[in-house]
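Asks: The following block contains the structure, expressed as structure tokens.
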Amino acid sequence: MDWEELHSNLPSIMTFLTVARLGRFTAAADSLGINHATVSRRIATLEKMTGQRLLLRSQSGWEITAEGRQVFEIAEEIEKSLTKLASNEVEAAVSGTVRIGAPEAFSGHIAAPVLANVQRDHPALDIELFTSTQRARQNRSGLDLEIVVGKPEVPRAWERPLFEYHLKLYATEAYLAQHGRPTKLDDLRHHRLNYYVEAILLVQDLDAALTKLPQMRSGISSTNVYAHLSATLQGAGIGLLPDFLASSHPSLVSVLDKEFGYPATFWAVVRQESLRNPAVAAVYQALKEYAAAGTFDTAELAPSRMRSVLR
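Numbering (our numbering), first residue to last: 25 to 335.
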């Protein structure tokens, strides 16, 4: 494109960038303050100008094509240049919106306080945190950074281990006094387990932990780890919980600590198109430094058993 073409198609380029990040026309329209029809028209204009299909519809939204990825990288460079023109160059480098997907325990217990510090250091930075416990997506253009349990298998992505922790068994003293304290793994058959809904658990490492336990009656099964925690605190059964989460609740005691403990690791996954974004780099660096320290000076976090496994 020459300068005139670039200038006239700038709205289409920025609209494409927003759709590629969010994955949906409606979300992009809300973000840009325009209607759905305008988003659709701008994308069509850009595809006509380039002569390439830039987006394809999938079950999870709109995904970038190989040709679209090239345009995405160019659009990011344009966005970065425009941002520098609008504000101080140093601060503008860490600005915009970073979208992170992570499991509930990581999001609430680790990411939120760490990211609050990042945002205080960079007031122009906005952070959106989406919680889900699932495998890394093969094509998830709407997220800049994903945190998943277990080593991800995602092509053309950059991944690093962040935190190693253990899934362990916990209960309240009141529950153990009423239902009996297990002295060996086989005793667990007489107890209820608070854990994920097994039929829809898609994370291999979390599912594999169950194979190391005898068959237990179902307690409160949920897709949310905080439901497991709450159910265990209320005496609904024995909870299979992350040790860094349970250790912040003094009323919980470890059950069969020497007999059972399943290791798991949080991994960070960054798509290639996000690697050069200074805001994404700042967020990852903050999480990396937290891992390296192994502690956090907020009392309720207390991840004393968490070990950094950064390479």
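Glycine residues also receive a C-beta, built at the ideal position from the N, C-alpha and C atoms. Note that this is a predicted model, so its numbers are computed, not measured.
Can you list, in chain order, the residues of its chain with a C-beta nearer than 6 angstroms to that of Ala270? Leave out the 5 residues immediately preceding and following it.
Replies: Tyr194, Leu276
Asks: Since Pro127 and Thr155 are thought to touch, with beta carbons under 8 angstroms apart, how far apart are those beta carbons, to the nearest angstrom?
Replies: The Cβ separation is near 7 angstroms, so the contact holds.
Asks: Please state whether DSSP places Ser82 in a helix, a strand or coil.
Replies: For Ser82, the secondary structure class from DSSP, reduced to helix, strand or coil, is strand.
Asks: Three or more beta-carbon pairs under 8 angstroms between the region 217-229 and the region 254-265, yes or no?
Replies: yes
Asks: Take the Cβ of Asn301 as the centre, count every other Cβ of all protein chains shown within 10 Å, and call the residue buried at 16 or more, exposed below.
Replies: buried
Asks: Between the C-alpha atoms of Ser298 and Leu169, what's the straight-line distance to the nearest angstrom?
Replies: 8 angstroms
Asks: Return helix, strand or coil for Ser278, following the three-state DSSP convention.
Replies: In the structure shown, Ser278 adopts extended strand secondary structure according to DSSP, grouped into three states.
Asks: Is the region 196-208 in contact with the region 309-317, if contact means three or more CB pairs nearer than 8 angstroms?
Replies: no
Asks: Lys236: buried (16+ other C-beta within 10 angstroms of its C-beta) or exposed?
Replies: Residue environment for Lys236: exposed (fewer than 16 other C-beta atoms within 10 angstroms of its C-beta).
Asks: I need the DSSP call for Leu200, collapsed to helix, strand or coil.
Replies: Per DSSP, reduced to three states, the secondary structure at Leu200 is helical.
Asks: Within the continuous alpha helix (DSSP H) that includes Ala317, where are the two ends?
Replies: 302-317
Asks: So, with DSSP's three-state summary, where would you put Lys192?
Replies: The answer is strand: DSSP assigns Lys192 an E or B state.
Asks: Using the beta-carbon count (16 or more within 10 Å), is Ser32 buried or exposed?
Replies: It counts as exposed.
Asks: DSSP three-state label for Ala323, please.
Replies: Legend: pLDDT at Ala323 = 36, less than 50; position of this residue unreliable, value from coordinates given subsequently. Coil.
Asks: When you compare the CB positions of Ala181 and Val279, do they come within less than 8 angstroms of one another, or not?
Replies: Contact flag unset, no.
Asks: With H, G and I counted as helix, E and B as strand and the rest as coil, what does DSSP make of Ala288?
Replies: When secondary structure is reduced to three states using DSSP, Ala288 falls in the strand class.
Asks: Does DSSP put Pro35 in a helix, a strand or coil?
Replies: helix
Asks: State the DSSP-derived secondary structure class of Ser105, mapped to helix, strand or coil.
Replies: helix
Asks: With a CB to CB cut of under 7 angstroms and the five nearest residues on each side skipped, what residues in its chain are close to Met240?
Replies: Leu212, Arg213, His215, Arg216, Leu217
Asks: Look up Arg184 in the DSSP assignment and say whether it is helix, strand or coil.
Replies: Looking at Arg184 - three-state DSSP - the assignment turns out to be strand.
Asks: Going by DSSP in three states, Glu87 sits in which element: helix, strand or coil?
Replies: strand
Asks: Expressed to the nearest angstrom, what Euclidean distance is found between the alpha-carbon atoms of Glu71 and Ser55?
Replies: About 21 angstroms.
Asks: Out of curiosity, what's the CA-to-CA distance linking Tyr308 and Thr69?
Replies: Rounded to whole angstroms, the gap between the alpha carbons of Tyr308 and Thr69 is 35 angstroms.
Asks: What's the gap between the Cα of Leu106 and the Cα of Leu34?
Replies: Distance between the alpha carbons of Leu106 and Leu34: 11 angstroms.
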